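Notes to accompany the following structure.
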Amino acid sequence: MASTQNSATKPEQSPELPVLIIGAGLAGLTVALDLADSQRVIVMAKRGLGEAATAWAQGGIVGVLDQEHDSIDSHVSDTVDAGAGLVVESTARYIAEESAAAIEWLVEQGVPFTTDASGPMGLHLTKEGGHSHRRIAHAADATGKAIHEVLLDKARAHPNIELLEHWIALDLITNRQLDVKAQHHQPNRCYGVYALDIKNNQVETIEAKSVVLATGGVGKVYRYTSNPDTATGDGIAMAWRAGCRVGNMEFIQFHPTCLYHPSDRTFLITEAMRGEGGLLTLPDGTRFMSEHDARLELAPRDIVARAIDFEMKKHGLDYVHLDATHLGEAFIKEHFPMIYARCLALGLDITKTPIPVVPAAHYSCGGVVTDLKGCTDLPGLYAVGEATYTGLHGANRLASNSLLECIVIGKAAASAIAVLKTPTLPKIPLWDESQVEDADEQVVIAHNWDELRSLMWNYVGIVRTNRRLERALHRIKLLRYEVQEYYANFKVTRDLIELRNLLECAELIVRSALMRRESRGLHYSRDYPGTWTVSYPTILTPQAEGSSDKPGA
């Protein structure tokens with residue numbers, strides 16, 4: 085059995101413990117670069133360092149730079165409006181106030197934003213759905229990639245940053261892993277993680293001054309997603325198992341426009357294309373957004389995604405069209421070069437032909453509950469980025485606020501960690517594999533992974549009902565029991581760890597959805613189509629809610 089009980093222990097290490105950051109996207113790299121001048125930092129990536137979700141972000145990052153035409157108040161208002169009544173306004177204001185400084189920092193790092201000599205800070209600003217002004221700084225249509233490459237190069241060059249590729253965290257080390265005597269004499273905190281060195285197939289114990297979860301979202305819990313393979317909810321699941329609260333897990337943002345193509349079903353068509361005048365149509369060319377929202381193609385993402393879902397079901401379609409042909413060949417090639425090239429490689433010339441699109445799971449608005457410094461409920465544990473719930477996104481995320489949140493909260497977390505004293509650690513048990521064996525076959529993992537993603541897509545998607553949610557919860561519990569039994573008897577693998585975490589997150593999503601007896605933002609229920617006058621976040625607490633592995637629980 086995979087356990088730390090009755091195992092050998094490591095002696096106390098020197099007081100110079102590192103800060104361990106799990107995740108190598110924008111959130112994690114921001115924390116690492118801000119800390120590295122004064123701290124030893126380890127950044128862990130479970131795949132290649134370049135495979136973080138940040139690199140997939142196309143649109144841009146919000147910055148209130150045009151003080152003549154834009155304002156902090158306007159940005160806050162747009163965020164609150166998109167969040168459908170569940171945004172914590174003080175959080176939105178704090179992050180909006182820091183937006184200009186965040187973009188200035190990226191410029192200082194050398195991020196090659198698209199320029200405009202007449203624009204504020206010399207930058208070209210675009211507009212996206214839900215925004216009342218042009219305030220999106222971007223690097224053509226590959227902003228995330230441009231940001232990630234620059235910051236990753238900075239991290240590689242810094243002598244105090246150690247980068248680990250192909251390492252995946254299994255679980256956080258807390259008092260629960262200590263012997264009984266130590267549990268009574270030691271205040272609970274996070275001491276580090278157990279992590280699998282995938283290349284060497286060895287579980288190691290990594291002790292740390294602080295642990296930062298920058299693991300991204302949960303998109304891979306759904307069959308269709310714009311997310312990379314890294315989005316398996318690892319940080320959320322680990323924090324939950326360690327006793328941290330999670331919030332608003334029912335609010336999964338489905339991006340309205342993911343490319344529909346047999347060879348590529350994870351490629352996102354940026355919202356900026358609609359911001360610049362792209363039109364949504366049925367295959368016969370008929371526009372339909374006027375039937376759903378007065379803002380037409382510039383309505384918030386949840387409204388556009390539901391509208392597309394409605395039209396697809398109404399007309400029996402596999403997809404709808406996003407038509408940008410009227411924008412002109414020169415404009416498309418200049419503003420959307422990556423999309424143009426990617427589609428052309430698939431035989432689709434978007435300057436002449438509309439793009440077939442479908443909604444796809446894109447962003448989790450909920451996650452581990454933190455304050456504005458990234459602090460979780462567990463001392464020594466921080467979380468930043470998509471893995472968190474700070475109150476910024478509410479019931480729906482305003483476009484391009486996510487990259488901004490990574491930087492603002494990432495910098496605040498780094499400042500908080502920098503002043504912490506290195507704790508005196510108890511003796512940490514090593515990972516014990518003496519009672520487990522190599523798995524005789526992997527088909528159980530593959531089959532359960534496929535089943536989970538199908539049932540989440542069919543039962544816990546854009547439109548929900550109580551019956552579907554209850555069926556999903558019942559089946560998820562059965563799958564969790566099967567996987568937990570497998571986990572207890574066989575050596576861990578990356579696929580097993582990720583499936584275990586996805587099942588944990590799937591249950592949190594379904595439980596949260598069942599608790600919300602209204603339709604709001606990204607959560608639409610046929611059983612409760614109305615919206616309450618006053619509503620609150622959905623906060624789950626491990627001790628109160630539980631998460632039984634038994635299928636009958």
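Quick note: the sequence shown uses our numbering, first residue 85, plus one each step. C-beta: ideal position from N, C-alpha, C; glycine also. Fair warning: this is a prediction, and the values are worked out from it, not measured in the lab.
Could you name the residues of the same chain whose beta carbon sits closer than 7 angstroms to that of Ile623, not counting the 5 residues immediately before and after it, in chain order?
Locating residue 623 in the sequence shown gives position 539, where the first residue counts as 1. Hits under 7 angstroms: Arg329, Gly331 and Val453.
Could you say which of Glu233, Ala378, Cys459 and Glu212 lies nearest to His339 if we only look at CA atoms?
Your numbering for residue 339 matches position 255 in the sequence shown. Ranking Glu233, Ala378, Cys459 and Glu212 by Cα distance to His339 puts Glu212 first.
State yes or no: is the C-beta of Arg601 within less than 9 angstroms of the C-beta of Tyr612?
On the sequence shown, residue 601 is found 517 positions in, with the first residue counted as 1. On the sequence shown, residue 612 is found 528 positions in, with the first residue counted as 1. Yes, the Cβ-Cβ distance between Arg601 and Tyr612 is below 9 angstroms.
Check whether the Cβ of Leu587 lies closer than 9 angstroms to any Cβ atom in chain C.
The question asks about chain C, but that chain is absent: this structure has only one protein chain.
Can you say whether Tyr447 is buried or exposed, counting buried as having 16 or more other CB atoms within 10 angstroms of its CB?
Position 363 of the sequence shown, counting from 1, holds the residue named residue 447. The residue is buried, with at least 16 neighbouring Cβ atoms inside 10 Å.
Does DSSP classify Phe415 as helix, strand or coil?
Residue 415 sits at position 331 when you count from the first residue of the sequence shown. If DSSP states are grouped into helix, strand and coil, Phe415 belongs with the helices.
Since His339 is in the beta strand (DSSP E), which residue starts that stretch and which ends it?
For the purposes of this step, residue 339 is identified with residue 255 of the sequence shown, where counting begins at 1. It spans Ile336 to Leu343 - the beta strand (DSSP E) in which His339 sits, taken as one unbroken run.
Quick check on Arg548: does DSSP put it in helix, strand or coil?
Numbered from 1 along the sequence shown, position 464 holds the residue referred to as residue 548. Strand at Arg548.
Rank His376, Gly301 and Val503 by C-alpha distance to the C-alpha of Glu334 and give the top, closest one.
Taking the sequence shown and counting its residues from 1, one reaches residue 334 at position 250. For Glu334, the nearest C-alpha among the options comes from Gly301.
Which class does Gln627 belong to by DSSP, given the choice of helix, strand or coil?
Taking the first residue of the sequence shown as position 1, residue 627 is located at position 543. Gln627: helix per DSSP, three-state reduction.
Grouping DSSP H, G and I as helix and E and B as strand, with all else coil, what is His215?
As a first step, residue 215 must be located in the sequence shown, where it is residue number 131. In this structure, His215 counts as coil in the three-state DSSP scheme.
Please determine, among Thr350, Asp154, Ala292 and Thr210, the residue with the shortest C-alpha to C-alpha distance to Ile145.
Residue mapping note: residue 145 aligns to position 61 of the sequence shown, counting from 1. Among Thr350, Asp154, Ala292 and Thr210, the Cα nearest to that of Ile145 is on Thr210.
Can you give the Cα-Cα distance for Leu248 and Ala116, rounded to whole angstroms?
By 1-based counting over the sequence shown, the position of residue 248 is 164. By 1-based counting over the sequence shown, the position of residue 116 is 32. Rounded to the nearest angstrom, the two C-alpha atoms are 13 angstroms apart.
What did DSSP end up calling Ala166 once you bin it into helix, strand or coil?
In the sequence shown, the residue the question calls residue 166 occupies position 82. If DSSP states are grouped into helix, strand and coil, Ala166 belongs with the helices.
For the alpha helix (DSSP H) that contains Trp324, what are its first and last residues?
In the sequence shown, counting from the first residue as 1, residue 324 sits at position 240. Asp318 to Arg325 is the extent of the alpha helix (DSSP H) around Trp324.
Identify every run of the beta strand (DSSP E) within the stretch 226–290, keeping only runs that are complete inside it and at least 3 residues long; order them along the chain.
245–249, 251–257 and 276–281
Please indicate yes or no: does the CB of Ala471 lie closer than 8 angstroms to some heavy atom of the ligand MG?
In the structure shown, the ligand MG is absent, as is every other ligand, since no ligand is present at all.
Please state if the CB of Pro507 and the CB of Lys101 are separated by a distance shorter than 9 angstroms.
Start at 1 with the first residue of the sequence shown, and residue 101 comes out as number 17. Start at 1 with the first residue of the sequence shown, and residue 507 comes out as number 423. The sequence given here places Leu at residue 101; Lys does not occur at that position. Closer than 9 angstroms, so yes.
Roughly how many whole angstroms lie between the Cα atoms of Asp590 and Met599?
For the purposes of this step, residue 590 is identified with residue 506 of the sequence shown, where counting begins at 1. For the purposes of this step, residue 599 is identified with residue 515 of the sequence shown, where counting begins at 1. Before going further, note that residue 590 is Ala rather than Asp in the sequence given. Computed Cα separation, rounded: 14 angstroms.
Please list, in chain order, all residues of the same chain as Asp118 whose beta carbon is under 6 angstroms from its beta carbon, the five residues on each side excluded.
Taking the sequence shown and counting its residues from 1, the one referred to as residue 118 is at position 34. Only Lys495 and Ala498 meet the Cβ criterion.
When the distance is taken between beta carbons, is Leu406 closer than 9 angstroms to Thr350?
Looking up residue 350 in the sequence shown gives position 266. Looking up residue 406 in the sequence shown gives position 322. Contact: no.
Note down the Cα distance separating Asp455 from Leu465, rounded to an integer number of angstroms.
Here residue 455 refers to the residue found at position 371 of the sequence shown. Here residue 465 refers to the residue found at position 381 of the sequence shown. So the alpha carbons of these two residues sit roughly 12 angstroms apart.
I want to know whether the stretch 274–288 touches the stretch 416–428 - three or more CB-CB distances under 8 angstroms.
At 8 angstroms Cβ cutoff, the stretches do not touch.
Measuring only the C-alpha atoms, how far is Asn573 from Glu566?
The count along the sequence shown starts at 1 and reaches residue 573 at position 489. The count along the sequence shown starts at 1 and reaches residue 566 at position 482. Our two residues, Asn573 and Glu566, have alpha carbons roughly 11 angstroms apart in a direct line.
Beta strand (DSSP E) containing Tyr466: first to last residue?
Here residue 466 is taken as the residue at index 382 of the sequence shown, counted from 1. Unbroken beta strand (DSSP E) run through Tyr466: Leu465 to Ala467.
Specify whether the stretch 299–314 and the stretch 540–550 touch according to this definition: at least 3 beta carbon pairs, one from each stretch, less than 8 angstroms apart.
yes
Given this structure, state the Cα-to-Cα distance separating Leu110 from Leu487, to the nearest angstrom.
Numbered from its first residue, the sequence shown carries residue 110 at position 26. Numbered from its first residue, the sequence shown carries residue 487 at position 403. Each residue's alpha carbon lies about 7 angstroms from the other.
Look at the alpha carbon of Ile179 and the alpha carbon of Asp522, and state the distance between them as a whole number of angstroms.
The residue labelled residue 179 in the question sits at position 95 within the sequence shown. The residue labelled residue 522 in the question sits at position 438 within the sequence shown. Using only the alpha carbons, I get a separation of about 48 angstroms.
Pick out whichever of Pro443, Val527 and Ile387 has its Cα sitting closest to the Cα of Leu352.
Position 268 of the sequence shown, counted from the start, is the residue given in the question as residue 352. Checking every option, the nearest Cα to that of Leu352 belongs to Pro443.
How long is the line joining the alpha carbons of Gly361 and Arg371, rounded to whole angstroms?
In the sequence shown, the residue the question calls residue 361 occupies position 277. In the sequence shown, the residue the question calls residue 371 occupies position 287. For Gly361 and Arg371, the gap between their C-alpha atoms comes out near 13 angstroms.
Is the beta carbon of Ala139 less than 9 angstroms from the beta carbon of Gly107?
Position 55 of the sequence shown, counted from the start, is the residue given in the question as residue 139. Position 23 of the sequence shown, counted from the start, is the residue given in the question as residue 107. Cβ distance not < 9 angstroms, so Ala139 and Gly107 don't count as in contact.
Considering only C-alpha positions, which residue in the set Gly412, Leu583, Asp516 and Gly605 is nearest to Arg537?
Your numbering for residue 537 matches position 453 in the sequence shown. It is Leu583 whose Cα lies nearest to the Cα of Arg537.
Who are Arg604's beta bridge partners in DSSP?
Translated into positions along the sequence shown, residue 604 becomes position 520. His607.
Hey, would you say Val277 sits closer than 9 angstroms to Ile231, going by beta carbons?
In the sequence shown, counting from the first residue as 1, residue 277 sits at position 193. In the sequence shown, counting from the first residue as 1, residue 231 sits at position 147. Cβ atoms of Val277 and Ile231: not closer than 9 angstroms.
Is it right to say Gly614 is buried, meaning 16 or more other beta carbons lie within 10 angstroms of its own, or is it exposed?
On the sequence shown, residue 614 is found 530 positions in, with the first residue counted as 1. When all chains shown are included, Gly614 counts as exposed.
Using the three-state DSSP reduction, which class does Thr299 fall into: helix, strand or coil?
Working through the sequence shown from its first residue, we reach residue 299 at position 215. It is coil, neither helix nor strand.
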